[in-house]
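Report on the structure given below.
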Ligand SMILES: [Zn+2]
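Numbering (the numbering used here), first residue to last: 885 to 1351.
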């Protein structure tokens, strides 16, 4: 116990090292997407790590001792939140040997070592992208260490985490002794595993509800039920990967709090929409990830300018499949390269369903939280969120709705005490905000025109973040 207190003290001293101060942002336009609030000529007062006052500049004045930042012509928003990332994956070509085995080109142990060494760089790329909080929805037990490292690192987002995924299938290729995916065979095993996870104080318990002809929806359902019961008894929420309509329906009927992907096999029906609304289920669409495996393998990758500029260059360089040694091409990549149009056609089919479903759920008032599944092959940690915004726009969401998904709604998914104090510029909330050079409500593409990022009351001009 003493050790724990000492550690907590050390962490708090360390995180205070980047000096927070009293700051006043004046003359800018404040946008709080949650309540669709727009305040022109606003004043925002930041005291240390918290927002002390925010609103009309005529009623709020900057304290004398405050450092004043003139935001004339600029737009101030809560920092973005990506509610679906995986820090145990780099986004490079070698990060999922269970999908394409390239371990002869780069051993998986080397990949994992690189990921651990580069964690501070990955954190900084989120801040550069204006993302001040993220939810890691599943990885090895090492994920809990990631959360601790992030909270002790100034240039890092706030991190909520789930531990290893509870699944009907195993992925031995990813098991170096601390596997990110654990096969659970019966409800009692599920309960035991939840108790083991609970000892680490997870923000979420994650289920990987994989359905195929060997694993029908109903065979795994009792395990979902036991996992939810055991988690809820400990006040831990449950997030479920379920991409087919019937799998997603079963998950929510069993009490899932979060669906971490879109439904991609068929249009959602009224009963499903009502179920999500009645249960207050949050859905995270992760549209970008659905195109990135296929496009990478077919050599048709469509990285945005933001991804090219702010993504990790080593990760991006690895994604050029034409640079692989010819003798080492896995079949999945060979097939994709032989017929790239087939890969693009498959992606289009997924989007034909997923984008319509997003619009249906948004119109119905289901809580949608923005997320990317960054870390998967081709989905770039940090700036992938701006490709997600483009796709949400294609689905028919307005800029304000998209920003709601990436702030106030995402804060709900983040959850806990921290989740209650992010996603909105409001008195008492954490001073996590971004200053944009132009108005994202005119065009969501402007959401990436970031001038300044403020995390935990510390001000970073964007050019200072990636060295
Ligand atoms: Zn994921």
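We put the CB at the ideal spot given by N, CA and C, even for glycine.
Whether residue i touches residue j by CB criterion (9 Å)
| i | j | result |
| --- | --- | --- |
| residue 1143 | residue 1092 | no |
| residue 992 | residue 1058 | yes |
| residue 1013 | residue 1267 | yes |
| residue 1035 | residue 1043 | yes |
| residue 1314 | residue 1341 | yes |
| residue 999 | residue 1006 | yes |
| residue 918 | residue 1291 | yes |
| residue 962 | residue 1309 | yes |
| residue 1078 | residue 1115 | yes |
| residue 1157 | residue 1248 | yes |
| residue 1300 | residue 1017 | no |
| residue 985 | residue 1214 | yes |
| residue 1203 | residue 1271 | no |
Burial state of residue i, where buried means 16 or more other Cβ atoms lie within 10 Å
| i | result |
| --- | --- |
| residue 1085 | exposed |
| residue 1283 | buried |
| residue 894 | Residue confidence for residue 894 is low, a pLDDT of 47 falling below 50, so the modelled location carries little weight; the figure read from the coordinates is stated next. By the neighbour-count rule (16 or more Cβ atoms within 10 Å), residue 894 is not buried but exposed. |
| residue 1244 | buried |
| residue 1278 | exposed |
| residue 1227 | buried |
| residue 1336 | buried |
| residue 945 | exposed |
| residue 1206 | exposed |
| residue 1024 | buried |
| residue 1121 | buried |
| residue 892 | Low confidence applies to residue 892: its pLDDT is 49, below 50, so where it sits in the model is not reliable, and the reading given next is rough at best. Exposed, by the Cβ-count rule. |
| residue 1246 | buried |
| residue 1136 | buried |
| residue 1072 | exposed |
| residue 1061 | exposed |
Spatial neighbours of residue i in its chain, beta-carbon cut-off 6 Å, leaving aside the 5 residues before and after
| i | result |
| --- | --- |
| residue 913 | 924, 959 |
| residue 1168 | 967, 968, 1144, 1253, 1255 |
| residue 889 | Below a pLDDT of 50, predicted positions are generally treated as unreliable, and residue 889, at 49, falls in that range; no measurement from the model is reported. |
| residue 1191 | 1264, 1267 |
Alpha carbon of residue i to alpha carbon of residue j, nearest angstrom
| i | j | result |
| --- | --- | --- |
| residue 1177 | residue 1198 | 17 Å |
| residue 1063 | residue 1051 | 12 Å |
| residue 1181 | residue 1164 | 37 Å |
| residue 1047 | residue 1113 | 17 Å |
| residue 927 | residue 943 | 9 Å |
| residue 1096 | residue 1103 | 11 Å |
| residue 1004 | residue 1251 | 31 Å |
| residue 1009 | residue 1139 | 35 Å |
| residue 1011 | residue 1319 | 12 Å |
| residue 1184 | residue 1221 | 9 Å |
| residue 990 | residue 1258 | 21 Å |
| residue 1329 | residue 1273 | 8 Å |
| residue 953 | residue 1344 | 12 Å |
| residue 1179 | residue 1211 | 21 Å |
| residue 1027 | residue 970 | 9 Å |
| residue 987 | residue 1218 | 16 Å |
| residue 1196 | residue 973 | 13 Å |
| residue 1068 | residue 1075 | 10 Å |
| residue 1331 | residue 906 | 26 Å |
| residue 1106 | residue 1002 | 39 Å |
| residue 1087 | residue 995 | 26 Å |
| residue 920 | residue 1099 | 44 Å |
| residue 910 | residue 937 | 12 Å |
Option in the options with minimal Cα separation from residue i
| i | options | result |
| --- | --- | --- |
| residue 916 | 1346, 1336, 1088, 1323 | 1323 |
| residue 1231 | 1275, 1250, 1006 | 1275 |
| residue 1045 | 1054, 1286, 1021 | 1021 |
| residue 1174 | 1001, 1127, 1306 | 1127 |
| residue 1264 | 976, 1349, 1350, 936 | 976 |
| residue 1333 | 953, 940, 946, 957 | 957 |
| residue 1326 | 1281, 1123, 1080 | 1281 |
| residue 1111 | 1024, 1082, 1061 | 1082 |
| residue 1238 | 1159, 1118, 1171 | 1171 |
| residue 934 | 1305, 1349, 1331, 1347 | 1305 |
| residue 1317 | 1303, 1339, 907, 1301 | 1339 |
| residue 1159 | 1133, 988, 1204 | 1133 |
| residue 1348 | 1194, 994, 1201 | 1194 |
| residue 964 | 1119, 1288, 1061 | 1288 |
| residue 1260 | 941, 1090, 955, 983 | 983 |
| residue 1201 | 1262, 1286, 1235, 1350 | 1262 |
| residue 1124 | 1038, 1166, 1117, 1351 | 1166 |
| residue 1148 | 1162, 911, 1130 | 1130 |
Contact with chain D by residue i, beta-carbon distance below 9 Å
| i | result |
| --- | --- |
| residue 1039 | Among the chains in the structure shown there is no chain D, since it carries only a single protein chain. |
Neighbourhood of residue i by C-beta, 7 Å cutoff - its chain only, sequence neighbours within 5 removed
| i | result |
| --- | --- |
| residue 1151 | 1237, 1240, 1241 |
| residue 898 | Low confidence applies to residue 898: its pLDDT is 46, below 50, so where it sits in the model is not reliable, and the reading given next is rough at best. So the qualifying residues of the chain are 1036. |
| residue 955 | 909, 910, 911, 912, 1319 |
Nonlocal neighbours in the same chain, by C-beta distance under 8 Å from residue i, ignoring five residues either side
| i | result |
| --- | --- |
| residue 908 | 927, 928, 929, 930, 946, 947, 950, 951, 952, 953 |
| residue 1312 | 934, 935, 1305 |
Any non-hydrogen atom of ligand 3 within 8 Å of residue i CB
| i | result |
| --- | --- |
| residue 1102 | For ligand 3, the structure offers nothing, since it holds only ligand 1. |
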